[in-house]
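Here's the structure we're looking at; comments come further down.
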Amino acid sequence: MEKHNHATSSEVKLDYGLPPGEISEVQTGDDLTVSPSESREVLRRIDLCVIPLMGFCYLLQFMDKLALSYAALLGLLDDLNLHGTQYSWCSAIFYFGYLAWSWPSSYVIVRFPSGKYLAVTVCLWGGILMCHGAVHSFGGLMAARFFLGVGEAAIAPGFSLIISMFYTRKEQPLRQGAWFVGNSFASIFGGLVAYGIGEIQMPAIAHWRLLFLILGSITAAYALLLYLFLPDAPDKAVFLDEKQQQVALKRTIENKTGFKDNDDFVPAQVIDALTDPQLWPLVLYTISVNLANGGLTSFGALVIKGFGFSTLKTLLVQMSQGATQLVFILLTSTLATLLPSARLVLMIMNTLIAMAGLIMVYECKSRAARMGGLCLGSVFVANIPLSLSLISSNVGGFTKRSVTSSTLFVAYCIGNIVGPQFFQSSQAPKYPTGIKAALSGLALGAWFLACLLAYYVWENARRNKRHGPSQRLSGSDALREDLSGKTDRQLPDFRYVI
């Protein structure tokens, strides 16, 4: 990381990783006085511009991910003659692509303008999704799914990094949840889109091919909006004037988690990330709960159809899962914002509720009870924005945070690769082994969250005993500390958000 000359002035020059010759400067410090009304206006502008852009993009991403399960109901399995575990592997190969590009993406997003890079990846994955409509074999579908995973790998960690640049630690849980609700809306609107396509009488091409073409073209077109309006950093936000850009920067300097100063990828922060005790409980939790996520995302529609619903009715009934997730995402994100030190407790509660839901699916006999259980069994998805907010709030150093995010998405991929393998076609339509595997993953996930909670409490107490309570620094001192290249483990005043 470039060494900054602080001299006697409170001005600090920030390099936001723009290409040589395009370095921009933002000045802030104690000389900048920000009134509460100015801060609220900047926050309002950020909320109105950044969150909708990311939320609709994530809606498209998850809808595109769900497209395979919709296509399975619309005839893909028969048309491509998929049998045995081939459908499971078509789901799993997506995450091999995710896995392959996750770490390279953590380097690229530090070296290049974040918003532009994310927009390009969205355009690419839209084109790849359209290619799904042209496949004629298992091998072709596998190739398309792999490259779709590559195209989508940067989005969630990239959005989490943008949130950390624009919002204070207190504001982050609700905003992480706000863009992540696109996930839930995707389950609702995706079912409607698939149902509408399924109702088309004698289309020129198969219904499932038409589904891929429509969703892919919408995604590719949306990339242009992202390219024009998704900011790379506070000083490049087109919806803020110069003074407001300074205010946006000053608002977040007390996060002590670093800004994007990316002339250099800092190798020392890679080591810091991989040796940080907070990383590994998060990694193990992520692998565990995504055993459930991978299986239920790919086979959820087939499980619901096994309850006795028709193909088209299954597409409509599946929307209830998205509605349930939406309620819990908004509820837990709001509670995490209002209640101090509640994030991990809320995550544990969501996981336990999901376990109860899957027990209902496994044990109950009535269709209504099993459908209700499956809705509750998806509640653990509400933990994802909270876990992302833990990263953006508790990991200091831009390179370290990028590496941490990518490592957790590697864990996310592993869980989603393994999870579908427990759903065996020979056990359709109840898939008892798959449901038990998902339930076991959730139980392990709750345990690892409890371990992480215990570590944060212990580490904060240790720091208070050794250094005293965290001190509130002046604006320029806090900014210099934030830009010093130090990570959370190197800052005595850093305390972990629980």
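So the sequence shown is residues 3 to 500, counted in my numbering. Heads up, the beta-carbon is just placed ideally off N, CA and C, and yes, glycines get one too.
Nearest-angstrom Cβ-Cβ length linking residue i and residue j, presumed shorter than 8 Å
{"i": "E355", "j": "L378", "result": "Correcting the residue identity first, residue 355 is Ile in this sequence and not Glu. The pair is a contact, with the Cβ atoms about 6 Å apart (cut-off 8 Å)."}
{"i": "L454", "j": "L276", "result": "About 17 Å; that fails the 8 Å criterion."}
{"i": "K502", "j": "V36", "result": "In the structure as shown, the chain begins at 3 and stops at 500. Residue 502 is therefore absent and cannot be evaluated."}
{"i": "Q320", "j": "S189", "result": "7 Å"}
{"i": "S71", "j": "S300", "result": "6 Å"}
{"i": "G1", "j": "G218", "result": "Not covered by the structure: residue 1. The range shown for the chain is 3 to 500."}
{"i": "Q271", "j": "G399", "result": "5 Å"}
{"i": "A146", "j": "L304", "result": "No, A146 and L304 are not in contact; Cβ-Cβ is about 20 Å, not under 8 Å."}
Alpha-carbon spacing of residue i relative to residue j, whole angstroms
{"i": "A1", "j": "V152", "result": "Only positions 3 to 500 of the chain appear in this structure, which leaves residue 1 out of reach."}
{"i": "L337", "j": "Q429", "result": "40 Å"}
{"i": "G86", "j": "S335", "result": "40 Å"}
{"i": "V110", "j": "G142", "result": "28 Å"}
{"i": "P175", "j": "T489", "result": "21 Å"}
{"i": "V383", "j": "N295", "result": "8 Å"}
{"i": "D263", "j": "E461", "result": "Confidence is the limiting factor: at D263 the pLDDT is only 49, short of 50, which leaves the residue's position unreliable and the question unanswerable from this model."}
{"i": "I48", "j": "G436", "result": "42 Å"}
{"i": "L451", "j": "H209", "result": "42 Å"}
{"i": "T353", "j": "Q492", "result": "32 Å"}
{"i": "F214", "j": "V195", "result": "11 Å"}
{"i": "S93", "j": "V183", "result": "22 Å"}
{"i": "A344", "j": "V137", "result": "47 Å"}
{"i": "S26", "j": "A358", "result": "Below a pLDDT of 50, predicted positions are generally treated as unreliable, and S26, at 42, falls in that range; no measurement from the model is reported."}
{"i": "K315", "j": "L293", "result": "27 Å"}
{"i": "V291", "j": "D81", "result": "32 Å"}
{"i": "I500", "j": "K467", "result": "18 Å"}
{"i": "A69", "j": "M144", "result": "14 Å"}
{"i": "V285", "j": "L410", "result": "6 Å"}
{"i": "Q426", "j": "L444", "result": "20 Å"}
{"i": "M167", "j": "A370", "result": "45 Å"}
{"i": "D234", "j": "W282", "result": "30 Å"}
{"i": "T170", "j": "M132", "result": "38 Å"}
{"i": "S476", "j": "V329", "result": "At S476 the pLDDT is 41, less than 50, meaning the model places this residue with poor confidence and gives no usable figure here."}
{"i": "K172", "j": "T339", "result": "6 Å"}
{"i": "R46", "j": "P38", "result": "12 Å"}
{"i": "S368", "j": "G310", "result": "11 Å"}
{"i": "G57", "j": "L79", "result": "31 Å"}
{"i": "L348", "j": "I207", "result": "46 Å"}
{"i": "L341", "j": "L333", "result": "12 Å"}
{"i": "C51", "j": "D274", "result": "34 Å"}
{"i": "V28", "j": "D66", "result": "Note on V28: pLDDT 44, under 50, position unreliable in the model; the coordinate value appears next. Distance between the alpha carbons of V28 and D66 is about 38 Å."}
{"i": "P471", "j": "R464", "result": "11 Å"}
Same chain, Cβ closer than 8 Å to residue i, neighbours up to 5 away in sequence not counted
{"i": "I53", "result": "R177, A180 and W181"}
{"i": "L55", "result": "L227, L228, F231 and L232"}
{"i": "Y119", "result": "V110, I111, A156 and G160"}
{"i": "S108", "result": "P159, S404, V405, S407 and S408"}
{"i": "L212", "result": "G135, I199, I202 and P205"}
{"i": "F267", "result": "Y109, V112, R113 and T401"}
{"i": "I350", "result": "A448, L451, A452 and L455"}
Beta carbon of residue i nearer than 8 Å to that of residue j
{"i": "P431", "j": "G302", "result": "no"}
{"i": "V412", "j": "S104", "result": "yes"}
{"i": "K498", "j": "Y458", "result": "Per the sequence shown, the amino acid found at residue 498 is Tyr instead of Lys. In contact: Y498 and Y458 (Cβ atoms closer than 8 Å)."}
{"i": "P387", "j": "I331", "result": "yes"}
{"i": "R1", "j": "L126", "result": "Residue 1 lies beyond the residue range present for the chain, which begins at 3 and ends at 500; the question has no answer from this structure."}
{"i": "F96", "j": "N185", "result": "no"}
{"i": "S41", "j": "V249", "result": "yes"}
{"i": "G297", "j": "G117", "result": "no"}
{"i": "T288", "j": "Y414", "result": "yes"}
{"i": "L503", "j": "I361", "result": "Given a span of 3 to 500 for the chain in the structure shown, any question on residue 503 remains unanswerable."}
{"i": "Q423", "j": "S90", "result": "yes"}
{"i": "I416", "j": "F98", "result": "no"}
7 Å Cβ shell around residue i - same chain, five flanking residues per side excluded
{"i": "V124", "result": "C59, T221, Y224, A225 and L228"}
{"i": "V363", "result": "R372, G375, L376, G379 and I437"}
Cβ shell of residue i (< 6 Å), same chain only, five flanking positions each side left out
{"i": "P494", "result": "H469"}
{"i": "Q327", "result": "S186, S380 and V383"}
{"i": "V44", "result": "Q246, V249 and A250"}
{"i": "I130", "result": "F149, L150 and G153"}
{"i": "L317", "result": "G193, A196 and Y197"}
{"i": "N83", "result": "none"}
{"i": "S322", "result": "C377"}
{"i": "N385", "result": "M349 and N352"}
{"i": "S391", "result": "Q174, P175 and Q178"}
{"i": "P2", "result": "Outside the displayed range of the chain (3 to 500) lies residue 2, so it cannot be described from this structure."}
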